[in-house]
Amino acid sequence: LARHRIVDHAADGVAVRMDADRHAPQRQPAREVRRPVDRVEDPQRRAAVPSGRQPLFLAQDRVRFGVSAAEGIAAEVAMRNAKRVFVVTGRSLNRMTTAVGEAIATVQDKVVGLFDECIEHTPRDTVIALTRRLRETRADLIVSIGGGTVIDTVKVALVCLAEGVDDVEAMGQWHMRVDADGTRHTPQPRMPPCRQIAVPTTLSGAEFSDMGGCTDTRHGTKQGYTGQHIGAAAVILDPRITVHTPARLW
């Protein structure tokens, strides 16, 4: 924990997390789907451990505020030297407002694709659809503009990218689960080939979490997926882009 420190540059509108162990994600060659590596917690051992748990820092570099979404996105794209930007958002925000187009206007020449088919509760089918688009376009940075559904769809897609998952059945190996005896399994995916930066439009808080929920519509169950680098590498807080959010979703 001593290797981590936070520097808050409030005057610049950027809160930065400096992590001595962090390295920029490198594109990885295609891999065969592997068996999950679990972080397993034995229920008896867990009961003997004191209530306090060792905290884990998010792999999040900075939070930008006091700037527009367009300015924040442009700054992140430049800082990360991204060449192939993929945008993920919601259908209503993209098709019924100009918010998304305005937010990505300054980096439009680098945008290689846009996905706006995110669905509430994040069905596995939509995650696989996004995963395939990200592979096809060879995206090196994802810009997520939306609420928890959008951001979680990207998180779970990054798990699939990292592990070569390409169908809803294979996704079943990578969600967190608890056995009948209480043993917890938390599969740990490898580093994905790209990261996401988030422009949240609701108060869901998904941009500050490394866990995403995803629904298996075949059984009507929702599972959690996690990974050190599936959450937002940077967050851009612009209240102006939230004015289109319905009150029931806010």
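Position in the sequence shown counted from 1, then plus 1111, gives you my numbering. The beta carbon of each residue, even a glycine, is placed where N, CA and C say it ideally should be. Computed from a predicted structure; not experimentally measured.
If I measure Cβ to Cβ from R1249 and keep anything under 7 Å in the same chain, skipping five residues before and after, which residues do I get? Residue 1249 sits at position 138 when you count from the first residue of the sequence shown. Cβ within range, chain order: R1195.
Return the first residue and the last residue of the beta strand (DSSP E) that D1327 is part of. Working through the sequence shown from its first residue, we reach residue 1327 at position 216. First-last of the beta strand (DSSP E) with D1327: 1322-1327.
I'd like to know whether the C-beta atoms of V1199 and F1226 end up nearer to each other than 7 Å. On the sequence shown, residue 1199 is found 88 positions in, with the first residue counted as 1. On the sequence shown, residue 1226 is found 115 positions in, with the first residue counted as 1. For V1199 and F1226, yes; Cβs fall inside 7 Å.
Reducing DSSP to helix, strand and coil, say where V1174 ends up. Residue numbering aside, residue 1174 sits at position 63 when the sequence shown is read from its first letter. Of the three classes helix, strand and coil, the one that applies to V1174 here is strand, per DSSP.
So, with DSSP's three-state summary, where would you put R1288? Stepping through the sequence shown from its first residue, residue 1288 is reached at position 177. The answer is strand: DSSP assigns R1288 an E or B state.
Cβ of K1266 within 7 Å of Cβ of G1323? Taking the sequence shown and counting its residues from 1, one reaches residue 1266 at position 155. Taking the sequence shown and counting its residues from 1, one reaches residue 1323 at position 212. Their beta carbons are under 7 Å apart, which means K1266 touches G1323 by this criterion.
Excluding the 5 residues flanking G1259 on each side, which residues of the same chain have their C-beta closer than 6 Å to its C-beta? Residue 1259 sits at position 148 when you count from the first residue of the sequence shown. Cβ within range, chain order: S1315, A1317.
Given a threshold of 16 other Cβ atoms within 10 Å of its Cβ, counted over all protein chains shown, does T1326 qualify as buried or as exposed? To locate residue 1326, count along the sequence shown from 1; it is residue 215. A residue is called buried once 16 or more other Cβ atoms fall within 10 Å of its Cβ, and T1326 is buried on that count.
Excluding the five sequence neighbours on either side, which residues of its own chain have a C-beta within less than 6 Å of the C-beta of A1180, listed in chain order? Within the sequence shown, residue 1180 is the residue found at index 69, counting from 1. Same-chain partners within the cutoff: A1214, V1310, I1347, D1349, I1352.
Provide the residue span of the beta strand (DSSP E) that contains V1310, from first to last. For the purposes of this step, residue 1310 is taken as the residue at position 199 of the sequence shown. 1307-1311 is the span of the beta strand (DSSP E), which, as asked, contains V1310.
Determine the contact status of Q1147 and P1298, defining contact as a CB-CB distance below 7 Å. Numbered from 1 along the sequence shown, position 36 holds the residue referred to as residue 1147. Numbered from 1 along the sequence shown, position 187 holds the residue referred to as residue 1298. It should be noted that the sequence gives Pro, not Gln, for residue 1147. Contact: yes.
Limits of the alpha helix (DSSP H) - the one that A1273 falls within: Here residue 1273 refers to the residue found at position 162 when the sequence shown is read from its first residue. Its alpha helix (DSSP H) spans residues 1259-1274.
Inter-stretch contact at 8 Å, needing at least 3 Cβ pairs: the segment 1235-1251 / the segment 1272-1282: yes
Just to check my reading of the structure: A1291 and E1187 have Cβ atoms closer than 8 Å, yes? What is that Cβ distance to the nearest angstrom? For the purposes of this step, residue 1291 is taken as residue 180 along the sequence shown, with counting starting at 1. For the purposes of this step, residue 1187 is taken as residue 76 along the sequence shown, with counting starting at 1. Rounded, the Cβ-Cβ distance is 44 Å, inconsistent with contact.
Between the alpha carbons of R1192 and Q1171, how many angstroms are there, rounded? Counting from 1 along the sequence shown, the entry for residue 1192 is found at position 81. Counting from 1 along the sequence shown, the entry for residue 1171 is found at position 60. Rather than Arg, the amino acid found at residue 1192 in this sequence is Asn. Here the alpha carbon of N1192 sits roughly 17 Å from the alpha carbon of Q1171.
To the nearest angstrom, report how far apart A1185 and G1293 are at their CA atoms. Stepping through the sequence shown from its first residue, residue 1185 is reached at position 74. Stepping through the sequence shown from its first residue, residue 1293 is reached at position 182. C-alpha separation (whole angstroms): 46 Å.
Comparing C-alpha positions only, which one of A1189, T1264, V1222, A1216 sits nearest to E1228? Looking up residue 1228 in the sequence shown gives position 117. The option with the nearest alpha carbon to E1228 is T1264.
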